[in-house]
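Protein sequence lines, in the order shown, are assigned to chains F and B.
Here the numbering used here is used: the first residue of the first sequence is 137, the next is one more, and so on.
Here the numbering used here is used: the first residue of the second sequence is 628, the next is one more, and so on.
Backbone N, C-alpha and C define an ideal beta-carbon position, used for all residues, glycine too.
Since the structure is predicted, the reported quantities are computational estimates derived from the model, not experimental observations.
Reviewing the structure listed below.
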Amino acid sequence: MRARLFLAGDGSGKRTHLSIFFVLMRGEYDSILEFPFKYKIIFTLFDQTGQRKHIVDSFRPDTKSNSFQRPTSEMNVGSGLPKFAPLSLIQHDNSAYVRDNTMMIRIMVDFNDLSKDVLSHSLQLNPGLPSLVQYESIKRESEKIENKSS
Amino acid sequence: MLQSKNNRCDDQTLKSIENLAETVKSLDNEAQNIYRTVFQQQTQVDELSKNVSQVEEVIQQTQSYFHAQAANQSAFELQLQSLQETVNELRSASYDGTLLWKIDDFQQKTSKKREKNQYERV
């Protein structure tokens, strides 16, 4: 997979938004993978001021779209969020999302179909933690939420 | 009286002829010397021109060697480039479905309005 970012926007977000797309690439193990690709993709643009006002957006693949079938060429047509984040939030000198001339974006494949509450928990996790630790924490949180609701 | 005068004249003519003959001889010697020198120089010139063609050959060999070197170098440069790309790809690859993408030099990238790509593999 590949993520594609347009800093000046693309498609319906051209010149107004930051656009981000997800692209399936042809791989060596495609013959044993499941297609179409059906997992939700979650994009996070990090707020680097510590106020945790991250910009989070996600999309669920349209399994009928060519973008998510097994790639027949080097890469499929991208699909994603042309209006991920308004440029007005990013293109000013003191943007919370650009610090030290650097922007941080996380692209996450949601294999477990996390609920909204669990998802927000996962976003609070320290991205520096090993993925296994993050996964355990998410699992604990979802069990907690399940217990609460039952 | 007349006879003796004639005799003297003959003597003088004879002497002159002898002198001339000697001069001719020495000129002939000199001509031979010159001819020998010319011959020697001719052989030298021949040898030198042989040397020149050898030097030319060496120059050509060196040149083709340089060409081969240049071709090798550009091949190595291509290889290096593809290796660098592979290293970059591997460095930014992740295998757990989550990619943290750091976009540095944000200002430069915005001003160029360049589309940026990044790889991720799961």
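Length of the line joining the Cα atoms of residue 179 of chain F and residue 168 of chain F: Their backbone Cα atoms lie some 27 Å apart in a straight line.
Identity of the residues DSSP links to residue 159 of chain F by a beta bridge: F:138
Beta carbon of residue 183 of chain F nearer than 8 Å to that of residue 233 of chain F: yes
Residues near residue 188 of chain F by beta carbon distance below 6 Å, same chain, minus five either side: none
Exposed unless 16 or more other CB atoms sit within 10 angstroms - verdict on residue 689 of chain B: exposed
Per-residue DSSP class, three states only, for residue 267 of chain F: helix
Beta-ladder partner(s) of residue 242 of chain F, from DSSP: F:180 and B:727
Touching by the beta-carbon criterion (3+ pairs, under 8 Å), the segment 195-213 of chain F and the segment 158-165 of chain F: yes
Contact list for residue 192 of chain F against chain B, beta-carbon separation under 8 Å: Within chain B, no residue comes near residue 192 of chain F; the closest Cβ sits about 14 Å away, beyond 8 Å.
Outcome for residue 702 of chain B when other beta-carbon atoms lying within 10 angstroms are tallied against a minimum of 16: exposed
Neighbour flag for residue 730 of chain B against chain F, beta carbons, 8 Å: yes
Cβ neighbour criterion (16 or more within 10 Å) applied to residue 254 of chain F: buried
Beta-carbon spacing of residue 192 of chain F, residue 250 of chain F below 8 Å: no
When F:239, F:281 and F:176 are compared against residue 215 of chain F, the one with the closest alpha-carbon: It is F:176.
Reduced DSSP category for residue 213 of chain F - H, G, I as helix; E, B as strand; rest coil: coil
Minimum Cβ-Cβ distance from residue 713 of chain B to chain F less than 8 Å: no
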